[in-house]
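Chains as they are written, first to last, in my numbering: chain L, 1 to 259; chain Z, 260 to 606. We treat Cβ as the ideally placed atom computed from N, Cα and C, and that holds for glycine.
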Amino acid sequence: MKSFFRMTYPYILWIAVFIVAPMVMILLYALTRTGNSTLTFQFTLENFARFFSDATFMRVLLTSLRIALLTTVFCLLIGYPAAFFISRLSERRQTMMVLLLTLPMWINMLLKTYAWRGILLNFDLASEFKVFIGMVYDFLPYMIIQIHTSIAKMDGNLLTAAYDLGANKWKTFLKVILPLSVPGIISGITLVFLPAVSSFVIPKLLGGGDYVLIGNLIEIYFLTAGDWNFGSAISLIMALIIIASMWLTRKLDRNAQEE
Amino acid sequence: MKKLLSVLLVLCLLAPAAVLADDVLNVYNWGEYIDKQVLTNFQKEYGVKVNYSLFSSNEEMYTKLLSNASYDVIIPSDYMIERLIKENKLQPLDKGIVTDLDSLVDGVKNLPYDPDNTYSAPYLWQSVGILYDSTKIDPAVVEEKGWDIFLDSEYSGHAYMYDSERDAFMVAFKALGYSANTENADEIEAAYNWLREMDKAIHPSYVTDEVIDAMINGEKWLALVYSGDAAYIISENEDMAYCAPKQGTNVAVDAMVIPANASNPELANKFIAYILQPENSAMISEEVGYASPNADVLAELSGPGGAYEGNSAYVPRTGYEKDELFHDNETLKKQLSELWIKVKLHE
Numbered sequence: 001m002k003s004f005f006r007m008t009y010p011y012i013l014w015i016a017v018f019i020v021a022p023m024v025m026i027l028l029y030a031l032t033r034t035g036n037s038t039l040t041f042q043f044t045l046e047n048f049a050r051f052f053s054d055a056t057f058m059r060v061l062l063t064s065l066r067i068a069l070l071t072t073v074f075c076l077l078i079g080y081p082a083a084f085f086i087s088r089l090s091e092r093r094q095t096m097m098v099l100l101l102t103l104p105m106w107i108n109m110l111l112k113t114y115a116w117r118g119i120l121l122n123f124d125l126a127s128e129f130k131v132f133i134g135m136v137y138d139f140l141p142y143m144i145i146q147i148h149t150s151i152a153k154m155d156g157n158l159l160t161a162a163y164d165l166g167a168n169k170w171k172t173f174l175k176v177i178l179p180l181s182v183p184g185i186i187s188g189i190t191l192v193f194l195p196a197v198s199s200f201v202i203p204k205l206l207g208g209g210d211y212v213l214i215g216n217l218i219e220i221y222f223l224t225a226g227d228w229n230f231g232s233a234i235s236l237i238m239a240l241i242i243i244a245s246m247w248l249t250r251k252l253d254r255n256a257q258e259e
Numbered sequence: 260m261k262k263l264l265s266v267l268l269v270l271c272l273l274a275p276a277a278v279l280a281d282d283v284l285n286v287y288n289w290g291e292y293i294d295k296q297v298l299t300n301f302q303k304e305y306g307v308k309v310n311y312s313l314f315s316s317n318e319e320m321y322t323k324l325l326s327n328a329s330y331d332v333i334i335p336s337d338y339m340i341e342r343l344i345k346e347n348k349l350q351p352l353d354k355g356i357v358t359d360l361d362s363l364v365d366g367v368k369n370l371p372y373d374p375d376n377t378y379s380a381p382y383l384w385q386s387v388g389i390l391y392d393s394t395k396i397d398p399a400v401v402e403e404k405g406w407d408i409f410l411d412s413e414y415s416g417h418a419y420m421y422d423s424e425r426d427a428f429m430v431a432f433k434a435l436g437y438s439a440n441t442e443n444a445d446e447i448e449a450a451y452n453w454l455r456e457m458d459k460a461i462h463p464s465y466v467t468d469e470v471i472d473a474m475i476n477g478e479k480w481l482a483l484v485y486s487g488d489a490a491y492i493i494s495e496n497e498d499m500a501y502c503a504p505k506q507g508t509n510v511a512v513d514a515m516v517i518p519a520n521a522s523n524p525e526l527a528n529k530f531i532a533y534i535l536q537p538e539n540s541a542m543i544s545e546e547v548g549y550a551s552p553n554a555d556v557l558a559e560l561s562g563p564g565g566a567y568e569g570n571s572a573y574v575p576r577t578g579y580e581k582d583e584l585f586h587d588n589e590t591l592k593k594q595l596s597e598l599w600i601k602v603k604l605h606e
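Have a look at this one:
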């Protein structure tokens, strides 16, 4: 047992260097302002106050949450029937369909987004709608695969039992299949919502310069404005939102399993 | 056998690095800003390897430099060179190798940020102006209105605005008759309101490099562009014309510098001297459309039979008192970027 534990050292080192250390730096930057040459660090909460007191930033935050939510809902609406349909196929066909779904994921997201840009260029659509299309396209496979896995691993005898007990197809779906696929739905939602809310390339390429999401805001403050303190504060707010939504989905998941 | 194979594979991986390790030059430049043939020729002539990396903004380059990345030649813009000199991040050019700086155009050498060109040698230069479709808009109107054409709701939905806070604010400052480097709070406020009015009047698309292809295809009538991009667009679409407004504009010089921590300064100096040679400068300038700092090259390319003959955008205006270089000012830049986000979000 002890010797196996040693094998986790590289992983712990990895986490320390590439996850914990940068997070500590972001925290440090977010809680300070750039000082003068004698006093290099001054602790302050003004970066946060500035973010929450400014209507523009709040609007950007709301837009980010709105589009992430819309994307998640749409992915679920399209993804669930698709996953259900796939799970009804023969085993060989299921493998085939899952392969077809994952195929586009082998292509770099940047390339796919550029392709969408070329396609959408010819249509006069609102920026937000273009970004929405790009996001749904990019994140849909994650949703389908998660739900499909949870439906496919379901014991077929449960369905037979439900029919034996007199449930029709619709009732079987509502009372047996749907509740059992909740864990899949929840991990699908997590896998779509989190990248969507922090998405940065898709709005940048498809939305144009006047469509700013929170990810773009962070980029502007780090690269253009050169204000790392405020940029870090926004990143931290972003991270907190992500942690909160993960906590929420996990809680939902636990409640669902208890039922 | 397996062991031997893996040793061989590791050697194969290391081999290219070992062969090339003797003389490597790390060059860091803007994207789409060179004729690749010039690099190939340099590598052949000097028997060295050039590692060529790209950045898309001065700030991105600066951030990378702060992280102690080592480059031998970097090609930032004037105000960024000003900052790098102030912060002792550059080393002087070797004037024994980098000669003939005297033969360069007056507008690009001995500029205030580097009075004797101790640290920097001009690469290409440009101004900012209005590119317009001359079949849709009368040139006389553009000349007369200058920057104020961006407030004319007649062009609503037909304009591109370059998505860069300093260039956009420069337009507003100049339209209002202020300096592009002003720190006066009232003037900044006035410029902010000017830009908001612009946003409401013409509903521009905020773009960066996409503007090049879009204007070649004639998608809109009006755009704020760099003269070098304008020269290229005009050479592809003859309906387009360029105007540097009378209210004054920004003139910008991108120059080659050697960072203090360069690992191969001697080769860096040779590279700079090589780029300054008229034939190489001409190749680069012809390829990208930005103006060469060399007077003879400028005359040749814009003269009879040159690639940019009769092109109104190729040679930037010089010696006009209302034209200005940007100065390095981080506080101003921060302030403008925040206001710029608000302009773009239609606040």
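Report the residue from the options whose alpha carbon sits nearest the alpha carbon of residue i.
i	options	result
L/Lys251	L/Pro183, L/Gly209, L/Gly215 and L/Val201	L/Pro183
Z/Asn327	Z/Asp488, Z/Leu370, Z/Ser540 and Z/Leu349	Z/Leu349
L/Arg92	L/Ala115, L/Ala152 and L/Ser64	L/Ala152
Z/His462	Z/Glu424, Z/Lys479 and Z/Leu560	Z/Lys479
Z/Ala511	Z/Val286, Z/Glu304, Z/Glu341 and Z/Tyr287	Z/Glu341
L/Asp253	L/Val73, L/Leu69, L/Ile186 and L/Ile67	L/Ile186
L/Thr113	L/Phe123, L/Lys130 and L/Asp124	L/Lys130
Z/Asn317	L/Thr224, L/Leu248, L/Leu62 and L/Glu258	L/Thr224
Z/Gly565	Z/Gly548, Z/Arg576, Z/Gln302 and Z/Gly578	Z/Gly548
L/Tyr29	L/Asn47, L/Ile241 and L/Ile189	L/Asn47
Z/Glu465	Z/Tyr437, Z/Ala418 and Z/Ile493	As written in the sequence, residue 465 of chain Z is Tyr, which differs from the Glu given in the question. Ranking Z/Tyr437, Z/Ala418 and Z/Ile493 by Cα distance to Z/Tyr465 puts Z/Ala418 first.
L/Ala196	L/Leu77, L/Val98 and L/Ala68	L/Ala68
L/Ile237	L/Ala83, L/Glu258, L/Phe57 and L/Thr72	L/Phe57
L/Ile145	L/Tyr221, L/Leu100 and L/Ile15	L/Leu100
L/Ser232	L/Leu13, L/Val20 and L/Met25	L/Met25
Let me know the secondary structure DSSP gives residue i once reduced to three states.
i	result
Z/Ser316	coil
Z/Val466	strand
Z/Gly366	helix
Z/Trp599	helix
Z/Ala280	Only weak support exists for where Z/Ala280 lies, its pLDDT of 48 falling under 50; the value from the coordinates is given anyway. Here Z/Ala280 sits in coil by DSSP.
Z/Ser379	strand
Z/Gln506	coil
Z/Gln536	coil
Z/Gly477	coil
Z/Pro275	At Z/Pro275 the pLDDT is 49, less than 50, meaning the model places this residue with poor confidence; the figure from the coordinates comes in the next sentence. Here Z/Pro275 sits in helix by DSSP.
Z/Pro351	coil
L/Tyr137	helix
Z/Glu559	helix
Z/Leu390	strand
Z/Ser494	helix
L/Leu65	helix
Z/Ser423	coil
L/Met143	helix
L/Val60	helix
Z/Asn288	strand
L/Leu121	coil
L/Phe341	Nothing about residue 341 of chain L can be read from this structure; chain L reaches only from 1 to 259.
How close, in whole Å, do the beta carbons of residue i and residue j come, if the pair is a contact with beta carbons under 8 Å?
i	j	result
L/Gly134	L/Leu206	5 Å
Z/Ala554	Z/Val574	Their Cβ separation, rounded to whole angstroms, is 10 Å, which puts Z/Ala554 and Z/Val574 out of contact at 8 Å.
Z/Asn347	Z/Ala514	The pair is not a contact, with the Cβ atoms about 17 Å apart (cut-off 8 Å).
Z/Gly415	Z/Ala460	The sequence shown places Ser at residue 415 of chain Z, not Gly. Right, their Cβ atoms sit about 7 Å apart.
L/Thr172	L/Leu159	6 Å
Z/Leu352	Z/Asn528	6 Å
DSSP puts residue i in a beta bridge; with which residues?
i	result
Z/Ala511	Z/Gln385
L/Met198	The amino acid at residue 198 of chain L is misidentified as Met; the sequence shows Ser. Bridge partners of L/Ser198: none, in fact.
Output needed for residue i: all residues of its chain with C-beta closer than 7 Å, excluding positions within five of it in sequence on either side, in chain order.
i	result
Z/Tyr294	Before going on, a small fix: residue 294 of chain Z reads as Asp here, not Tyr. Around Z/Asp294: Met542, Ile543 and Glu546.
Z/Ala280	With a pLDDT of 48 at Z/Ala280, under the threshold of 50, the modelled position of that residue is not reliable, and no figure is offered here.
L/Thr34	Asn229
L/Asn216	Phe200, Pro203 and Lys204
L/Val192	Thr71, Thr72, Cys75, Phe139, Tyr142 and Met143
Z/Asp392	Gly477, Trp480, Asp498 and Met499
Z/Lys603	Tyr465
Z/Met457	Phe409 and Leu410
Might you give, ordered along the chain, the residues of its own chain that have their beta carbon closer than 6 Å to the beta carbon of residue i, omitting 5 neighbours on each side?
i	result
Z/Pro537	Asn553, Asp555 and Val556
Z/Lys505	Gly405
Z/Ala276	Only weak support exists for where Z/Ala276 lies, its pLDDT of 48 falling under 50; the value from the coordinates is given anyway. Within the same chain, Z/Ala276 has no close Cβ partners at all.
Might you give, ordered along the chain, the residues of its own chain that have their beta carbon closer than 8 Å to the beta carbon of residue i, omitting 5 neighbours on each side?
i	result
Z/Lys308	Leu279, Asp282, Val283, Leu284 and Gln302
Relative to the ligand ATP, is the shortest distance from any of its heavy atoms to the C-beta of residue i smaller than 7 Å?
i	result
Z/Ser522	The ligand ATP is not among the ligands present in this structure, which contains no ligands whatsoever.
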